[in-house]
Amino acid sequence: MALQSLDIARRSATTTEMPRARETTEVAKLIDVSACIGCKACQAACMEWNDIRPEVGNNVGIYDNPQDLDDKTWTLMRFTEVEEEGRLEWLIRKDGCMHCTDPGCLKACPSPGAIIQYSNGIVDFHQENCIGCGYCVTGCPFDIPRISKTDNKAYKCSLCSDRVAVGQAPACAKACPTGAIKFGAKEDMVHYAEARIDDLKERGYRNAGLYDPQGVGGTHVMYVLQHADKPALYAGLPQDPQISPAVALWKGVAKPLALLALGATAVGSLFHYVMKGPNEVSKELEEEMEKEDAQ
Amino acid sequence: MTNHWVDIKNADLVLIMGGNAAEAHICGFKWVQEAKHGRKARLVVVDPRFTRSAAVSDYYAPIRAGSDIAFLSGVIHYLLENDKIQHEYVKTHTNASFLIDPAYGFENGLFTGYDAEKRGYDKSTWRYQMGEDGYAKVDPTLQDPNCVFQLMKRHFARYDADTVSRITGTPKDAFLKVCGMIAECSAPNRTMTILYALGWTQHSVGSQNIRSMAMIQLLLGNMGMAGGGINALRGHANVQGITDQCLFGESLPGYLHEPTEAEPTLEVFLDKRTPRMLRPGQMNYWSNYPKFFISLLKAFYGPSATPDNSFGYDWLPKMDGAYDVLAMFERMHQGRMNGFVCQGFNPLASVANKGKVSAALAKLKYLVVIDPLATDTSEFWKDYGELNKADPAQIQTEVFRLPAALFAEHEGSFTNSSRVIQWHWKAADGPGETREDTEIFGQLFVRLRAMYARDGGAFPEPIQKLHWPYRIASHPSSQELAREISGYAISDLTDASGNVTVKAGEQVAGFAVLRADGSTACGNWLYSGMWSQAGNLTARRDNSDPTGLGQSLNWGFAWPANRRILYNRASCDASGKPWDPERNVIHWNGKAWGGNDVPDMRPNATPDEGVGAFIMTGEGVARLFAPGMVEGPFPEHYEPFETPLGRNPMHPDVPAVVSNPAARVYQGDMELFGKADEFPYVATTYRLAEHFHFWSKTSKINAILQPEHFVEISEELAAEKGIRKGDVVTVRSNRGHIKAVAVVTKRIPVLTVEGRKVHTVGIPLHYGFKGETKPGYITNTLTPFVGDANTQTPEYKAFLVDIEKA
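For the protein sequence lines, the chains are A and B, in the order given. Counting from 1, one number per residue, gives the positions in the first sequence under full-length UniProt numbering. Counting from 1, one number per residue, gives the positions in the second sequence under full-length UniProt numbering.
So, in structure tokens, the structure goes:
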């Protein structure tokens, strides 16, 4: 499925050229936190379109439900009460995959084709290639991927790549009743965000701004924040997200050097040890995996 | 809504008070965002809780639940005191200049004419001074001490900012800030829209809450204006429709009155309902009452309704007392009602004081529940442990559950808050043995009619004479019903010169052609024209909006007469020029009224004729002084029946006026009101974005999103009571208790009222013992069985509880 679309920009653990017959417009989802009322219609739409149903949970004293992302919860409203300049604010942020331009999950992934990035910027997981190692979880600076306890595969928001491929907006954007979620060309979304930021500044939010962190090359899910200077207010949105140094080391410098100097297996094991501690995956599998990676 | 959803985008200031649009009207809330983003409108929220609406507001002011009239009266005082009213508008379009009987007065919290025993008023002094010409006297200078304007000034002078703050708990600076923002909208080219819902209606002073705001909108000159109006956001997709169509047991379709025992003949009934003109040259629209009423009787009884039998008036039930929802359950509770057909209604969960409702249902011989879901009500008799204690062996009520099709499983129409009637089409067949509601009633009717034919009966005519012209008698179609509701000519209708204008059998174009002679039939005059000779206008889906004002006149059909903004004549000055040329709703073009809406005015009434903009009143103007209200022509602050103060701060020494002196309280219910010493906290109930009444708890996705019953309290109260977030707590009123999870939040403000702290306990209501959500208690176990004096809508929004860790 993934390669059939012929617009792949990157593929995990793959060094061969990507099919680039098609080039698509870079897209983005813009989430205007200042216009979000936390109705969770996006969560409902996500569950319906992707046909996923987490368990009916409990109320634990907050509005967040389910309480965290999981293999069947790919997006989640996180509610935070803060007092800024003596004024109570109820900040409601839709959490989920940011679809980084420079995706830490993809870089960390040792399984060929388990994670791909389309030329439009969407980062997609392909579970048929996923080995459940969890490197993507470690590689993600936003703590998004989750490993299913049922099938031991990693899951996260696909930005409705299936919908986008046929010219539809993601289900959450389609369902959002207040227009807080917009979807389109990234360039257009940045432009729209500018108008929203001007409006917020005019209303007294001096530090209103766009969250499109450059540490991961920018993202294809962006936020308009009332307090862009303090992203951590929004349920711990990272101030300056970076791919974990271990992943950067692994893919950036260490890997080519290692391939020259050492057996790939050793580095792979070292990397695995650094990232995950002693593993329980069979050594044989690990070796085979790393060999594939090295090819 | 006097205006409509899309029109919210035209507002300069959006006030949300007595409602929580972002939570309960999510889809419509997009128009608030449109106003903010497109017009730079400001959003102000006044609420006992920092709500989802407040989360996206420009300014939030807290208020004690049940003190809205004090707040709004303070706003009226502020506008009058600071001269922030639209003078020309007030003079032209309100009864500010009308002179009131000098015998009218207000003292110690009571208006003249109070009868303590009856808990009601003799309103004979609440009237205009009448001139020898038979019309009400006016003083255009507004100086006469008995003119409405001067009476208003005196009445509201008591509500200064300090007093308001003392009663409402709203900090004085916050109150003044809101006043200032509202006052800016007195400029002719600035409008405020007010969005309210059950947060205003569900009080023992609910109608006066809304009236207070109507007065503000009149003083600001905002009624009839684009981006203005008084906008009730309705709940169910079609609650506007069922209200229009006579959901309320005391009215007939189109808000025509249900006759009472005091009106034995059609003549007496119509004479009482057909008002006289109070000022010269007015349209006095209700003078058409007989046309609407007799056309309705023709729709009911068809050929059997003739002038000789008063068109079947005798076959209508004549009310012997109240039949609002509280009155019905009171009757049931007293054993005076033994059968109940409960259609699309879950009273065990939704009516106040579940204990009383449950006891009442247990006294029935039979209960018929027509619903797509197995409701809590249909299992009131079943033991669910502490969530619903019941002993089936002791309950003799026979319960019939008739599964009904859902809205998407049949065609029909919805009427939304904008008054726009929209046709909808069937998407799928209902499951199993479900039937459309029309078929359930059709089947019931044909069987009853056959039984009367076979066995006779004490009074068979109302059933036997009922006009039932449907192709399949046991299953009238929605289309047939819609055509009947819209109305048709029974015989040829002719104009003054004898030309036939509407042929027999044709659909009428609107209520203007209805007749009182039996030549037309119309099931609801308000909806007349929705299905004309041009076809089903409610099925139109043309959203073109050539002027950008958002009127879209070819989308569906708005009642009345496809008018989108009510009182739109008031958007112009006396000469017919729009107050704001940028937002031109209608105007006088020299020959006729026209523009972006169907004029709320006789189209050829020249401005010189002085026909008033408020055509439904005999005065032709809007009423700042409104004698129609049960508890007084002006609003006055009364405490909720369960008050944390124990006295009315406006009249601290008058026990009779602590709470609404004209509200009906049944014997036994007064004793069940709790006192602040035992129940020290103010409770208020509400809805959540994730749920819809008691329906969505049966839906998996909604259950995932908000799975379990909770209550919200402030951090301060939590600390005081040793409650941590996530703890299970018991909330107790004098009528019962519930248990739920505590949400401890900064969003529940702690207020200072009359020098003491008032804590609020917020209680969502969606949970019950049946459904996909975690089994829970029914919130209305706690609420008091007392309603608004005018509408009897129960006081769900302000009562007293105690709370403790379970």
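Virtual Cβ for every residue (Gly too), placed ideally from N, Cα, C.
Chain A places a beta carbon closer than 7 Å to that of B:Leu705, counting this residue as a contact.
Rounded to whole angstroms, the Cβ separation of B:Trp126 and B:Pro627 is 4 Å, and the two are in contact under 8 Å. Buried is the label assigned to B:Phe292, since at least 16 other Cβ atoms lie within 10 Å of its Cβ. In the DSSP assignment, B:Val500 is bridged to B:Thr494. Inter-segment contact for the stretch 481 to 490 of chain B and the stretch 529 to 543 of chain B is present: three or more beta-carbon pairs are separated by less than 8 Å.
B:Ile421 is positioned such that its CB atom lies closer than 7 Å to that of B:Phe557.
Beta-bridge annotation (DSSP): B:Gly595 is paired with B:Ile586.
According to DSSP, B:Ala656 shares a beta bridge with no other residue. The criterion of a C-beta distance shorter than 7 Å is not satisfied by A:Val221 and A:Asp32.
Cβ-Cβ separation between B:Ile763 and B:Val731: approximately 7 Å, consistent with a contact (criterion under 8 Å).
Contact annotation: B:Met17 and B:Val46 have beta-carbon atoms nearer than 7 Å. Within the same chain, Leu76 and Arg78 come within 6 Å of A:Asp95 by CB-CB distance, once the 5 residues on both sides are set aside. Taking a Cβ-Cβ threshold of 7 Å, none of the residues of chain B is close to A:Asn50; the smallest such distance is about 12 Å. Listed along chain B, no residue sits closer than 9 Å to A:Lys182 by beta-carbon distance, the nearest being about 12 Å off. Per DSSP, B:Trp31 lies in no beta strand (DSSP E); the unbroken alpha helix (DSSP H) holding it starts and ends at Lys30 to Arg39. B:Asn95 places its beta carbon 7 Å or farther from that of B:Ser53. Look at B:Glu708: its C-beta is under 7 Å from a C-beta on chain A. Close CB contacts of B:Lys770 within its chain, under the 6 Å cut and outside five residues either way in sequence, are with Asp376 (chain order). Spatial neighbours of B:Ala689 in its own chain (CB-CB distance under 7 Å, excluding positions within 5 residues in sequence) are listed in chain order as Glu23, Ile26 and Arg52. For B:Val744, the chain A residues whose Cβ falls inside 8 Å of its Cβ are Gly61, in order along the chain. Residue contact with chain A for B:Glu690: present (Cβ-Cβ distance below 7 Å to some residue of chain A). In the three-state scheme derived from DSSP, where H, G and I count as helix and E and B as strand, B:Pro102 is classed as coil. If you check each beta-carbon in the stretch 40 to 51 of chain B against every beta-carbon of chain A, the ones closer than 7 Å belong to Phe50. Sixteen is the threshold: when 16 or more other Cβ atoms of the shown chains lie within 10 Å of the Cβ of B:Gly595, as they do, the residue is buried.
Excluding its 5 nearest sequence neighbours in each direction, B:Phe269 has C-beta neighbours in its own chain below 6 Å: Pro259 and Glu263, listed in chain order. Listed in chain order, the alpha helix (DSSP H) elements of length 4 or more contained wholly in the stretch 121 to 193 of chain B are 148 to 156, 161 to 168 and 172 to 183.
Among the CB atoms of chain A, one or more fall inside 7 Å of the CB of B:Asp58.
Within the same chain, no residue comes within 7 Å of B:Gly498 by CB-CB distance, once the 5 residues on both sides are set aside.
Inclusion of B:Asp788 and B:Gly206 in the CB contact set at 7 Å is warranted, their separation being smaller than that value.
Residues are counted here when their Cβ sits less than 8 Å from a Cβ of chain B; for the UniProt domain "4Fe-4S ferredoxin-type" (27 to 57) of chain A these are Ser34, Ala35, Cys36, Ile37, Gly38, Cys39, Lys40, Ala41, Gln43, Ala44, Met47, Glu48, Arg53, Pro54, Glu55, Val56 and Gly57, given in chain order.
Counting every other CB atom within 10 Å of its CB across the protein chains shown gives B:Thr520 a total of 16 or more, marking it as buried. Among the CB atoms of chain A, none fall inside 7 Å of the CB of B:Lys318.
A:Asn120 carries a coil assignment under DSSP once its states are collapsed to helix, strand and coil. Within the DSSP bridge table, the entry for B:Tyr686 names B:Pro764 as partners. By alpha-carbon distance to B:Glu107, the top candidate from B:Pro652, B:Lys739, B:Lys774 and B:Ala683 is B:Pro652. Residues of chain A whose Cβ lies closer than 9 Å to the Cβ of B:Arg747 are, in chain order, Glu81, Leu88 and Trp90.
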